[in-house]
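As structure tokens, the structure follows; a few thoughts come after it.
In this note's numbering, the protein residues as written are 2 to 362.
Written out as structure tokens, the structure reads:
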């Protein structure tokens with residue numbers, strides 16, 4: 002049995018007893034029933050994931066997978082491929098947006114070289130175990146072999162296990178890879194049966210001519226390689242990326258460990274889509290952080306039936322939107338733990354609706 006197969010086999014379902022207890026706790030708190038909206042729903046979901054009516058969020062991590070894409074030679078990005086390795090070093094040195102936002106959220110950043118094209122030095126704050134030095138040009142040939150895609154997924158699983166051993170209650174997905182919105186759009190088009198134009202945006206900010214090249218490269222890849230939507234590993238290996246595969250492993254590994262997964266933007270969303278295709282039970286463990294400006298992200302969220310917590314017009318990646326969502330998720334856990342119940346506060350509860358006297362309609 003492979004690590005991938007074993008991990009998928011360990012993904013369970015939400016703990017319904019804990020969810021029932023969480024709902025009962027919400028009804029007993031000093032507020033009108035349902036008045037905290039999606040924070041209440043988050044609490045119930047987290048209770049089901051953790052099998053604990055009063056889940057705790059103490060240890061948080063953003064796992065950033067980095068990889069390069071051969072399709073960049075088709076002129077699909079506003080930035081050259083070497084920016085991937087440069088930004089990885091920026092992460093390591095703490096100078097990127099995700100470093101700032103993670104510090105604000107009291108979360109650690111875990112940087113993983115899953116497939117950067119340029120050699121990177123071994124540094125204490127980076128996991129430097131690339132499966133390959135980038136993918137091949139999917140507009141000409143399959144981006145990866147099936148075994149490379151599987152190896153990158155299993156790298157993500159092992160990284161998640163390593164981080165869980167350090168202490169982990171909440172994990173977010175982050176990415177870095179010039180060209181990865183092209184790969185993500187190809188994955189989404191293949192798995193959702195959507196037209197390329199409907200899922201392909203400007204990524205790093207390509208101009209009109211660049212957007213045409215990007216869409217044409219994706220269409221050529223789909224026409225040439227014919228990825229099978231019934232076989233998510235086939236789709237991933239033919240038009241995906243090593244960092245996307247690594248994130249799939251993080252997602253599968255976290256679900257197997259009953260950890261909530263905060264999915265960032267379009268690239269993370271594409272990874273989540275493949276993970277759910279591989280293991281449908283994973284969907285219940287996902288929390289959509291935000292709705293990206295990238296048009297394909299809306300298709301992903303609709304397919305996964307996930308409602309994003311934030312709408313901030315983000316399109317950076319790195320896990321930035323997920324880090325911004327951390328405080329909301331923490332708040333959803335703290336409210337049922339720290340808020341007084343009706344009996345504790347000496348507040349009368351309405352018999353008809355469970356609301357405090359004098360509130361509601």
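Ideal Cβ positions, reconstructed from N, Cα and C, are used throughout, including at glycine.
Environment of residue i [buried if 16+ CB atoms lie within 10 Å]
i, result
"residue 2", "exposed"
"residue 35", "exposed"
"residue 344", "exposed"
"residue 38", "exposed"
"residue 346", "exposed"
Three-state class that DSSP yields for residue i in the structure shown
i, result
"residue 127", "strand"
"residue 32", "coil"
"residue 52", "coil"
"residue 360", "For residue 360, the predicted model reports a pLDDT of 41, less than 50, meaning its position is unreliable and no value from the coordinates is stated."
"residue 176", "strand"
"residue 351", "coil"
"residue 68", "strand"
"residue 74", "helix"
"residue 279", "helix"
"residue 16", "coil"
"residue 342", "strand"
"residue 315", "coil"
"residue 62", "strand"
"residue 169", "coil"
Rounded straight-line distance, which links the Cα of residue j to that of residue i
i, j, result
"residue 22", "residue 54", "6 Å"
"residue 253", "residue 10", "10 Å"
"residue 45", "residue 216", "41 Å"
"residue 340", "residue 30", "7 Å"
"residue 33", "residue 27", "9 Å"
"residue 102", "residue 328", "11 Å"
"residue 4", "residue 176", "22 Å"
"residue 48", "residue 180", "37 Å"
"residue 18", "residue 24", "10 Å"
"residue 326", "residue 172", "11 Å"
"residue 160", "residue 251", "7 Å"
"residue 208", "residue 42", "41 Å"
"residue 8", "residue 257", "6 Å"
"residue 263", "residue 88", "22 Å"
"residue 141", "residue 218", "9 Å"
"residue 1", "residue 174", "The structure shown does not extend to residue 1, since the chain is modelled only from 2 through 362, so no value can be given for it."
"residue 152", "residue 183", "21 Å"
"residue 113", "residue 336", "34 Å"
"residue 93", "residue 109", "12 Å"
Supposed close pair residue i, residue j - CB separation, criterion 8 Å
i, j, result
"residue 268", "residue 318", "6 Å"
"residue 194", "residue 233", "Residue 194 to residue 233, Cβ: 14 Å. No contact."
"residue 154", "residue 50", "That pair is no contact at about 21 Å."
"residue 293", "residue 320", "About 12 Å; that fails the 8 Å criterion."
"residue 277", "residue 305", "6 Å"
"residue 307", "residue 289", "4 Å"
N-terminal and C-terminal residue of the beta strand (DSSP E) that residue i is part of
i, result
"residue 109", "109 to 116"
"residue 263", "262 to 264"
Boundaries of the alpha helix (DSSP H) in which residue i is found, first to last residue
i, result
"residue 287", "Element bounds for residue 287: not the alpha helix (DSSP H) but the beta strand (DSSP E), 287 to 289."
"residue 308", "First-last for residue 308: undefined, no H or E at that position."
"residue 184", "181 to 193"
"residue 132", "Premise fails: residue 132 is in no alpha helix (DSSP H) and is neither H nor E."
"residue 208", "Here residue 208 belongs to no alpha helix (DSSP H), and DSSP marks it neither H nor E."
"residue 235", "233 to 240"
"residue 294", "Here residue 294 belongs to no alpha helix (DSSP H), and DSSP marks it neither H nor E."
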